[in-house]
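Undergrad:
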Amino acid sequence: MLVALGAAGGFAYVYKLKADNAILKANQVQLETAITEQQEVLETKELEFQFIIEANKDLTDKLNAARKDNEELTKKFAQYDIAEWGMQNPERTAETINNAVADVNRCMEIASGSPVVEADKENKQCRELVKQKGKKNETPTD
Amino acid sequence: MKPLLISILLAIFLTGCAGVKKIETVKVAVAKTPLNLEMPEPLESNEVIWIVINKDNYKEVFDELTANGKKPVLFALTDEGYKALGMNYADLREHIIAQHEIIITYKDYYESEKE
Numbered sequence: 222m223l224v225a226l227g228a229a230g231g232f233a234y235v236y237k238l239k240a241d242n243a244i245l246k247a248n249q250v251q252l253e254t255a256i257t258e259q260q261e262v263l264e265t266k267e268l269e270f271q272f273i274i275e276a277n278k279d280l281t282d283k284l285n286a287a288r289k290d291n292e293e294l295t296k297k298f299a300q301y302d303i304a305e306w307g308m309q310n311p312e313r314t315a316e317t318i319n320n321a322v323a324d325v326n327r328c329m330e331i332a333s334g335s336p337v338v339e340a341d342k343e344n345k346q347c348r349e350l351v352k353q354k355g356k357k358n359e360t361p362t363d
Numbered sequence: 008m009k010p011l012l013i014s015i016l017l018a019i020f021l022t023g024c025a026g027v028k029k030i031e032t033v034k035v036a037v038a039k040t041p042l043n044l045e046m047p048e049p050l051e052s053n054e055v056i057w058i059v060i061n062k063d064n065y066k067e068v069f070d071e072l073t074a075n076g077k078k079p080v081l082f083a084l085t086d087e088g089y090k091a092l093g094m095n096y097a098d099l100r101e102h103i104i105a106q107h108e109i110i111i112t113y114k115d116y117y118e119s120e121k122e
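Structure follows, in structure tokens:
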């Protein structure tokens, strides 16, 4: 009787160990999957981080270019006495101003998303903006 | 003999209480639906004609306006006012560029197909 019970107990114990082992194996697989997923998440985060760094740099470059155009205008205004021009030759001054204003208006169009065209390369009112936006429009040759 | 038997049976049954539990993981990843708003159309500027008048040519300019059927009135700026207007315009342009680029970058980041 005692031997039979002992054997039954032993059998039950081994059976339970096997069941535990199966669960542990399943757990192992789950953990390994979780580790792989975590690894993928980390890689995605790394890519996102790189994108953010590049986007920040790109944005800073574009803003610097826009500021450079503004500084150029400030310099021009400081350099020339348009009041004196207007006194000496109002027709010629109006012509110069109208050409510049047409270019400035075109700059606004480009800034708001209008694609850069060949004629814009002659625009002296926003050289940096045209350069920046012009790069985007260039199609790679091979 | 009986207590020994009971002890063995108890020990066997109790091992069942210290069993290993299966891990369950729950995944919740629901992405937001992309907004996909259309970018506004680029500006199309209206032509603006500036007229420069001084103390010597104002009569001629007003006569020309009248001759062309326009009312002899001009909305004037001094050279300083003109410079200020020019700088305001340039600042606006810088602001438009910044906003435009920020929107594009956000769109690329949150609504990119690569995502």
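Chains as they are written, first to last, in my numbering: chain A, 222 to 363; chain B, 8 to 122. Virtual Cβ for every residue (Gly too), placed ideally from N, Cα, C.
Just to confirm, are Glu108 (chain B) and Pro41 (chain B) a CB contact at a threshold of 8 Å?
TA: Contact: no.
Undergrad: Determine the extent of the alpha helix (DSSP H) in which Lys278 (chain A) is found, giving its start and end residues.
TA: First-last of the alpha helix (DSSP H) with Lys278 (chain A): 223–300.
Undergrad: Starting from Gly93 (chain B) and walking both ways along the alpha helix (DSSP H), at which residues does that stretch end?
TA: Counting along the chain, the alpha helix (DSSP H) containing Gly93 (chain B) begins and ends at 86–118.
Undergrad: Is the CB of Ile256 (chain A) under 8 Å away from at least one CB in chain D?
TA: The structure shown contains no chain D; its protein chains are A and B.
Undergrad: Does any CB atom of chain B fall closer than 8 Å to the CB of Asp363 (chain A)?
TA: Its pLDDT being 40, under 50, Asp363 (chain A) is placed unreliably in this model, and the coordinates cannot settle the point.
Undergrad: So with CB distances below 7 Å, who are the chain B contacts of Val224 (chain A)?
TA: Result: empty, since nearest Cβ-Cβ is about 12 Å, beyond 7 Å.
Undergrad: In angstroms, rounded to a whole number, what distance separates the CA positions of Lys66 (chain B) and Leu99 (chain B)?
TA: Going by the C-alpha atoms only, they are around 35 Å apart.
Undergrad: For a contact defined as C-beta to C-beta under 7 Å, what are the partners of Arg348 (chain A) on chain B?
TA: Under the 7 Å cutoff, chain B gives no residues; its nearest Cβ is about 13 Å from Arg348 (chain A).
Undergrad: For Arg327 (chain A), count the other beta carbons within 10 Å of its own beta carbon; 16 or more makes it buried, fewer makes it exposed. Which is it?
TA: It is buried - the Cβ of Arg327 (chain A) has at least 16 other Cβ atoms within 10 Å.
Undergrad: Roughly how many whole angstroms lie between the Cα atoms of Trp57 (chain B) and Tyr113 (chain B)?
TA: Roughly 39 Å between the two C-alpha positions.
Undergrad: What residues from chain A crowd round Thr32 (chain B), counting only those whose CB sits closer than 7 Å?
TA: Within chain A, the residues near Thr32 (chain B) are Gln251, Ala255.
Undergrad: Give the residues of chain B in contact with Thr281 (chain A), contact being defined as C-beta atoms less than 9 Å apart.
TA: Those within 9 Å of Thr281 (chain A) in chain B number zero; the least Cβ separation is about 10 Å.
Undergrad: Return the first residue and the last residue of the alpha helix (DSSP H) that Glu330 (chain A) is part of.
TA: 311–332 is the span of the alpha helix (DSSP H), which, as asked, contains Glu330 (chain A).
Undergrad: Once DSSP output is grouped into helix, strand and coil, what is the label at Pro336 (chain A)?
TA: Here Pro336 (chain A) sits in coil by DSSP.
Undergrad: Kindly list the residues whose CB is nearer than 8 Å to the CB of Glu54 (chain B), restricted to its own chain and excluding five residues on each side of it in sequence; keep chain order.
TA: If we look at Glu54 (chain B) and ignore the five residues flanking it on each side, it has no Cβ neighbours.
Undergrad: Determine the closest residue to Thr32 (chain B) out of A:Glu292, A:Ile244, A:Ala255, A:Thr314, with distance taken between C-alpha atoms.
TA: Of the listed residues, the one whose Cα sits closest to Thr32 (chain B) is A:Ala255.
Undergrad: Along chain A, which residues have their Cβ under 8 Å away from the Cβ of Gly88 (chain B)?
TA: The premise fails here: Gly88 (chain B) is roughly 11 Å from chain A at the closest Cβ pair, so nothing lies under 8 Å.
Undergrad: Would you say Tyr96 (chain B) and Val325 (chain A) are within 8 Å of each other, going by their C-beta atoms?
TA: Against a cut-off of 8 Å, the Cβ pair of Val325 (chain A) and Tyr96 (chain B) comes out as a contact.
Undergrad: Going by alpha carbons, who is nearest to Ser126 (chain B) out of A:Gly334, A:Lys356, A:Glu330?
TA: In this structure chain B extends from 8 to 122, so residue 126 (chain B) is not present and cannot be described.
Undergrad: For Asp391 (chain A), does the count of other Cβ atoms within 10 angstroms reach 16, so buried, or fall short, so exposed?
TA: Nothing can be reported for residue 391 (chain A), as the shown portion of chain A is limited to 222 through 363.
Undergrad: Rounded to the nearest angstrom, how far is the Cβ of Ala247 (chain A) from that of Lys29 (chain B), given a contact under 8 Å?
TA: About 6 Å separates the two Cβ atoms, so the contact holds.
Undergrad: Since Thr112 (chain B) meets chain A, which of its residues come closer than 8 Å, beta carbon to beta carbon?
TA: Ordered by position in chain A, the residues that pass the 8 Å Cβ test against Thr112 (chain B) are Ala276, Asp279, Leu280.
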